[in-house]
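Novice: Dumping the structure here so I can ask a few things about it.
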Amino acid sequence: MDTTLILSAGILLGCLISLSWFAGSDAPYVPTKNERIKKILKLAGLKKGKVFYELGSGDGRVVIAAAKMGAKAIGIEQSWIRIFMSRWKARNLSNAKFIHGDIFKQDLSNADLVFVFLLPRGVERLEPTLRKSLKKGAKVITQTFHFKNWIPYKKILVTDKNNPNTLLGENQYEGEFWLYLKS
Ligand SMILES: C[S@@+](CC[C@H](N)C(=O)[O-])C[C@H]1O[C@@H](n2cnc3c(N)ncnc32)[C@H](O)[C@@H]1O
77 MDTTLILSAG
87 ILLGCLISLS
97 WFAGSDAPYV
107 PTKNERIKKI
117 LKLAGLKKGK
127 VFYELGSGDG
137 RVVIAAAKMG
147 AKAIGIEQSW
157 IRIFMSRWKA
167 RNLSNAKFIH
177 GDIFKQDLSN
187 ADLVFVFLLP
197 RGVERLEPTL
207 RKSLKKGAKV
217 ITQTFHFKNW
227 IPYKKILVTD
237 KNNPNTLLGE
247 NQYEGEFWLY
257 LKS
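Encoded structure:
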């Protein structure tokens with residue numbers, strides 16, 4: 077009886093952790109392909125000393141790549157499991173920081189570059205906030221789902237032979253990045 081109870085509790089806990097791993101209010105967890113990260117950060121002009129934010133930083137891979145390029149890189153993520161994992165992965169990088177919280181409650185006024193990979197509802201909610209709060213000259217990268225009104229200065233389909241771009245809808249590719257400049 078005791079063993080059955082412990083086993084059931086273990087299975088329940090496992091299910092909750094698995095569900096929590098993929099959950100996200102403005103997008104579920106879907107990571108950016110590793111091979112595409114450095115390419116897009118370079119194309120967006122990320123350099124040493126720049127302040128980089130990732131809104132919904134998942135397992136931390138984009139923030140870590142930005143920190144390795146010399147940026148002061150900050151990830152904001154609402155899942156405590158992903159925050160824990162990101163902090164562990166970045167334990168030797170003093171210029172990478174992860175904040176457990178809501179992307180809509182952060183001050184981004186010092187950002188030079190912001191990376192966004194969220195579902196349309198999250199991207200739509202973010203557009204007016206970013207247009208208002210970012211400083212002049214700051215840039216934003218969106219992936220797959222983009223701003224409706226803010227006109228990008230560049231659209232890039234990042235391809236690599238290991239990860240062909242998947243067509244998700246009419247003219248809409250996974251692996252397509254749009255770049256915006258706050259004027
Ligand atoms: C599509 S995943 C992208 C992960 C990562 N940016 C990447 O490109 O590999 C979206 C992430 O945003 C997080 N997220 C969604 N809504 C959020 C919110 N309101 N505040 C903080 N994080 C959020 C989710 O938990 C998830 O990890």
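Using this note's numbering, the first residue of the sequence shown is number 77, and each one after it goes up by one. From the three backbone atoms N, C-alpha and C, an ideal C-beta is built for every residue, glycine too. Every value quoted in this text rests on a predicted model; they were computed, and no experiment measured them.
Just mark Trp-164 as buried or exposed, buried being the case when its beta carbon has 16 or more other beta carbons within 10 Å.
Specialist: Exposed.
Novice: Under the assumption that Gly-146 contacts Lys-123 (Cβ atoms under 8 Å), give the Cβ distance between them as a whole number of angstroms.
Specialist: At roughly 7 Å, the Cβ-Cβ gap stays under 8 Å, so Gly-146 and Lys-123 are in contact.
Novice: Skipping 5 residues on each side, what residues in its chain have a beta carbon closer than 7 Å to that of Val-234?
Specialist: Answer for Val-234: Arg-112, Lys-115, Ile-116, Gly-251 and Phe-253, listed in chain order.
Novice: For the alpha helix (DSSP H) that Glu-111 lies in, which residues bound it at each end?
Specialist: Start and end: 110 to 119.
Novice: Among the candidates Gly-86, Ile-179, Pro-104 and Lys-109, whose CA atom is the shortest distance from the CA of Pro-240?
Specialist: Of Gly-86, Ile-179, Pro-104 and Lys-109, the residue nearest in Cα terms is Lys-109.
Novice: Apply the 10 Å Cβ neighbour rule to Ala-120 and answer buried if 16 or more other Cβ atoms are within range, or exposed otherwise.
Specialist: Ala-120 is buried by the Cβ-count criterion.
Novice: Could you check whether the Cβ of Asp-129 sits closer than 8 Å to any heavy atom belonging to ligand 1?
Specialist: Note that residue 129 is Tyr in the sequence shown here, rather than Asp. No, the Cβ of Tyr-129 stays beyond 8 Å of every heavy atom of ligand 1.
Novice: Count the other CB atoms within 10 Å of the CB of Arg-158; is the residue buried (16 or more) or exposed (fewer)?
Specialist: Answer is buried; the Cβ neighbour count reaches 16.
Novice: When we look at the beta-carbon of Tyr-129 and count the other beta-carbons within 10 Å, is it buried (16 or more) or exposed?
Specialist: Buried.
Novice: Going by other Cβ atoms of all chains shown within 10 Å of its Cβ, with 16 needed for buried, is Leu-193 buried or exposed?
Specialist: The sequence given here places Phe at residue 193; Leu does not occur at that position. Burial call: buried.
Novice: I'd like the ranges of any beta strand (DSSP E) spanning at least 3 consecutive residues and lying wholly in the stretch 155 to 204.
Specialist: Counting whole runs of 3 or more residues, the stretch 155 to 204 contains the beta strand (DSSP E) stretches 172 to 176 and 189 to 192.
Novice: Near Tyr-256, which residues of its chain fall below 6 Å by C-beta distance, leaving aside the five closest residues on each side in sequence?
Specialist: So the list reads Val-216, Trp-226 and Pro-228, once near-sequence residues are dropped.
Novice: Considering only the beta carbon of each residue, do Gly-125 and Gln-154 sit closer than 9 Å?
Specialist: For Gly-125 and Gln-154, no; Cβs fall outside 9 Å.
Novice: What is the rounded straight-line gap between the Cα of Leu-206 and the Cα of Asn-168?
Specialist: Straight-line Cα distance between these residues: approximately 30 Å.
Novice: Please report the straight-line C-alpha distance between Ile-232 and Thr-218, rounded to a whole angstrom.
Specialist: Spanning the two alpha carbons is a distance of roughly 10 Å.
Novice: Taking the continuous alpha helix (DSSP H) assigned at Lys-144, which residues delimit it?
Specialist: That run of the alpha helix (DSSP H) goes 137 to 144.
Novice: Would you decide whether Ile-152 is buried or exposed? Buried here means 16 or more other CB atoms lie within 10 Å of its CB.
Specialist: By the 10 Å Cβ count, Ile-152 comes out buried.
Novice: Tell me whether Phe-193, by its Cβ, gets closer than 8 Å to a heavy atom of ligand 1.
Specialist: At least one heavy atom of ligand 1 is nearer than 8 Å to the Cβ of Phe-193, so yes.
Novice: Please tell me whether Phe-223 and Val-199 are closer than 9 Å, where the distance is taken between their beta carbons.
Specialist: Taking 9 Å as the Cβ cut-off, Phe-223 and Val-199 qualify as a contacting pair.
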